[in-house]
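Participant: What the sequence shown shows, in this note's numbering, is residues 775 to 936, in sequence order.
Pasting a structure below so you can have a look.
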Amino acid sequence: MKRITITSLVASFALFLGACGNDASNQDAAPPPSDDGVRTIAITANDSMQFSVTSIEAAPGEEIRIQLSNIGRMPKQSMAHNWVLLQPMDNAAINAFGMKSSSHAPEYIPAEASEVIAHTKMLGAGESDSLTFKVPSAPGSYPFICSFPGHYAIMKGTLTVK
775 MKRITITSLV ASFALFLGAC GNDASNQDAA PPPSDDGVRT IAITANDSMQ FSVTSIEAAP
835 GEEIRIQLSN IGRMPKQSMA HNWVLLQPMD NAAINAFGMK SSSHAPEYIP AEASEVIAHT
895 KMLGAGESDS LTFKVPSAPG SYPFICSFPG HYAIMKGTLT VK
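This is the structure:
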């Protein structure tokens, strides 16, 4: 009985330590432009429902490329990720959009979603997608989320146009 308790404690502690990590997610993404002159922002998404980049700054009308990679290991049916840039809105509107998206499998983007500026496809473990688009011309804070059911509440960030 003691062996089971100790093993359980060690396993729990290992999971706790695995959940802790480098908090580099709040750093601005500012890599150099690629060969075609478009600035590429590499973002990873993981099984802990985290984007590696949660803050992006861009100039009005700038063309940028989002390179999203799902570095998780869980099956796509239970832990897929995408990157969805939305019009400026408050948290209540983001939550409403997320709930509306939950019924639009497999990409979880409503067809009539005028709130969506740009989005990647839904990615399973080990998959990547790239999206090139022009940043909105109006300065402001544009939220981005993962629209997989339930992820939008914590898997989010902001594109600041200035």
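Each residue gets a CB set at the ideal place from its N, CA and C atoms; glycine is no exception.
Does DSSP classify residue 874 as helix, strand or coil?
Facilitator: Stepping through the sequence shown from its first residue, residue 874 is reached at position 100. DSSP places residue 874 in helix when its eight states are reduced to three.
Participant: Check whether the Cβ atoms of residue 832 and residue 909 sit closer than 8 Å, and answer yes or no.
Facilitator: The residue given as residue 832 occupies position 58 in the sequence shown. The residue given as residue 909 occupies position 135 in the sequence shown. In this structure, residue 909 lies closer than 8 Å to residue 832 by Cβ.
Participant: Taking just the CA atoms, how far does residue 893 sit from residue 842?
Facilitator: In the sequence shown, residue 842 corresponds to position 68, counting from 1. In the sequence shown, residue 893 corresponds to position 119, counting from 1. Looking at the two C-alpha atoms, the distance is approximately 10 Å.
Participant: Can you find the residues in the same chain that come closer than 6 Å, C-beta to C-beta, to residue 796, ignoring five residues on each side of it along the sequence?
Facilitator: The residue given as residue 796 occupies position 22 in the sequence shown. Residue placement at residue 796 cannot be trusted, given a pLDDT of 44 that sits under 50; what the coordinates show is reported in the next sentence. Correct list: empty, nothing qualifies.
Participant: From residue 935 to residue 814, what does the alpha carbon distance come to, in whole angstroms?
Facilitator: Within the sequence shown, the letter at position 161 stands for residue 935. Within the sequence shown, the letter at position 40 stands for residue 814. Cα to Cα, the separation comes out at about 16 Å.
Participant: Report the partner residues of residue 916 according to the DSSP bridge assignment.
Facilitator: Translated into the one-based positions of the sequence shown, residue 916 becomes position 142. Answer is 933, bridged to residue 916.
Participant: Under three-state DSSP, which class holds residue 891?
Facilitator: Here residue 891 refers to the residue found at position 117 when the sequence shown is read from its first residue. Of the three classes helix, strand and coil, the one that applies to residue 891 here is strand, per DSSP.
Participant: Looking only at DSSP bridge pairs, what is residue 903 linked to?
Facilitator: Here residue 903 is taken as the residue at index 129 of the sequence shown, counted from 1. Answer is 842.
Participant: Apart from the five residues on each side of it in sequence, which residues of its chain come closer than 7 Å, Cβ to Cβ, to residue 820?
Facilitator: The residue you call residue 820 lines up with position 46 of the sequence shown. Once the five neighbours on either side are set aside, the close Cβ partners of residue 820 are 845, 846.
Participant: Taking the continuous beta strand (DSSP E) assigned at residue 831, which residues delimit it?
Facilitator: Walking along the sequence shown from the start, residue 831 turns up at place 57. Its beta strand (DSSP E) spans residues 829-832.
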